[in-house]
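Data block below; observations after.
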Amino acid sequence: DAGVIQSPRHEVTEMGQEVTLRCKPISGHDYLFWYRQTMMRGLELLIYFNNNVPIDDSGMPEDRFSAKMPNASFSTLKIQPSEPRDSAVYFCASSRPGTVSYNEQFFGPGTRLTVL
Amino acid sequence: LAKTTQPISMDSYEGQEVNITCSHNNIATNDYITWYQQFPSQGPRFIIQGYKTKVTNEVASLFIPADRKSSTLSLPRVSLSDTAVYYCLVGVSGGYNKLIFGAGTRLAVHP
Chain A
1 DAGVIQSPRH
11 EVTEMGQEVT
21 LRCKPISGHD
31 YLFWYRQTMM
41 RGLELLIYFN
51 NNVPIDDSGM
61 PEDRFSAKMP
71 NASFSTLKIQ
81 PSEPRDSAVY
91 FCASSRPGTV
101 SYNEQFFGPG
111 TRLTVL
Chain B
1001 LAKTTQPISM
1011 DSYEGQEVNI
1021 TCSHNNIATN
1031 DYITWYQQFP
1041 SQGPRFIIQG
1051 YKTKVTNEVA
1061 SLFIPADRKS
1071 STLSLPRVSL
1081 SDTAVYYCLV
1091 GVSGGYNKLI
1101 FGAGTRLAVH
1111 P
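The listed protein sequences derive, respectively, from chains A and B. Under this note's numbering, think of the first position of the first sequence as 1, with each following residue one higher. Under this note's numbering, think of the first position of the second sequence as 1001, with each following residue one higher.
In structure tokens, the structure reads:
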């Protein structure tokens, strides 16, 4: 299994530009999570999906952020317009159908976003 | 979701056993305790999960006392490659998979 795949691995853009981050979860996993990690705030959950449906987006910082999951094998996180404070590492994670006693999420390698 | 408290950092030497304790005084009846490990420039990786008493796998052991208000992650005979940040998380397991990561414990293993 290839694991969770994220692209791009690194993104450098200028303030005001649109940024799209992509994620391919592990096949068969029905939960998908987007996290953001910074030195100041640590690892924050932004949004998560179950069976392609957004369940909780309370962590999305503001309307400039949006996430979609058009099918079970693809999700995007979009920032429009981007700002320097959005600079962070963005992780995507997925987990398999909920077993009774399991909280294992599989994380991708992350996308390091720098907004100048 | 229960709040967790763990040391910000720890130091150890190769070959030693490392115990990282996490406090979760407000743990709920349905909550499980989960530990993740994160290496620099990588995403977190699941280590172990437990509900009560002791759980052991090929990587670590997790000790949970009867009152479940704390838990201890035990790493036997650490090596340099165990240098990482370790997160303790508490939450309902299974279908509701929302996990809240705290600051974690930064473990440094020295030669």
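Where a beta carbon is used, it is the ideal one built from N, C-alpha and C, also for glycine.
>> Under DSSP, the beta strand (DSSP E) around B:Tyr-1036 begins and ends at which residues?
In response: If you number the second sequence from 1, residue 1036 of chain B lands on position 36. Looking at the DSSP string, the run of the beta strand (DSSP E) that includes B:Tyr-1036 is 1031-1038.
>> Any beta carbon from chain B within less than 9 Å of A:Asn-103's own beta carbon?
In response: Here residue 103 of chain A refers to the residue found at position 103 when the first sequence is read from its first residue. Yes, its Cβ sits closer than 9 Å to a Cβ of chain B.
> So what does DSSP say about B:Ser-1023, is it helix, strand or coil?
Replying inline: The residue labelled residue 1023 of chain B in the question sits at position 23 within the second sequence. B:Ser-1023: strand per DSSP, three-state reduction.
> Rounded C-beta distance between B:Asp-1100 and B:Leu-1062? I'm assuming under 8 Å.
Replying inline: Working through the second sequence from its first residue, we reach residue 1100 of chain B at position 100. Working through the second sequence from its first residue, we reach residue 1062 of chain B at position 62. According to the sequence displayed, residue 1100 of chain B carries Ile and not Asp. Not confirmed; about 18 Å, so no contact.
> Along chain A, which residues have their Cβ under 9 Å away from the Cβ of B:Pro-1040?
Replying inline: By one-based count along the second sequence, residue 1040 of chain B stands at place 40. For the C-beta of B:Pro-1040, not a single chain A residue is nearer than 9 Å; the gap to the nearest is close to 11 Å.
>> A:Arg-36 and A:Pro-109 - do their beta-carbons sit closer together than 9 Å?
In response: The residue given as residue 109 of chain A occupies position 109 in the first sequence. The residue given as residue 36 of chain A occupies position 36 in the first sequence. Their beta carbons are not under 9 Å apart, which means A:Pro-109 does not touch A:Arg-36 by this criterion.
> What is the DSSP secondary structure of A:Arg-70, counted as helix, strand or coil?
Replying inline: Locating residue 70 of chain A in the first sequence gives position 70, counting from the first residue. The displayed chain sequence assigns Pro, not Arg, to residue 70 of chain A. Three-state DSSP puts A:Pro-70 in a strand.
> Quick one: which chain A residues come within Cβ less than 9 Å of B:Ile-1027?
Replying inline: Here residue 1027 of chain B is taken as the residue at index 27 of the second sequence, counted from 1. At a beta-carbon threshold of 9 Å, none of the residues of chain A lie near B:Ile-1027; the nearest stands roughly 14 Å away.
> What does B:Pro-1007 touch in chain A if you count any residue whose Cβ is under 8 Å from its own?
Replying inline: Translated into the one-based positions of the second sequence, residue 1007 of chain B becomes position 7. By Cβ distance, chain A contributes nothing, its closest Cβ being about 15 Å from B:Pro-1007, past 8 Å.
> In whole angstroms, what separates the C-alpha of A:Ala-67 from that of A:Leu-77?
Replying inline: Along the first sequence, read from residue 1 onward, the residue named residue 67 of chain A stands at position 67. Along the first sequence, read from residue 1 onward, the residue named residue 77 of chain A stands at position 77. If I take the Cα positions, the gap works out to 4 Å.
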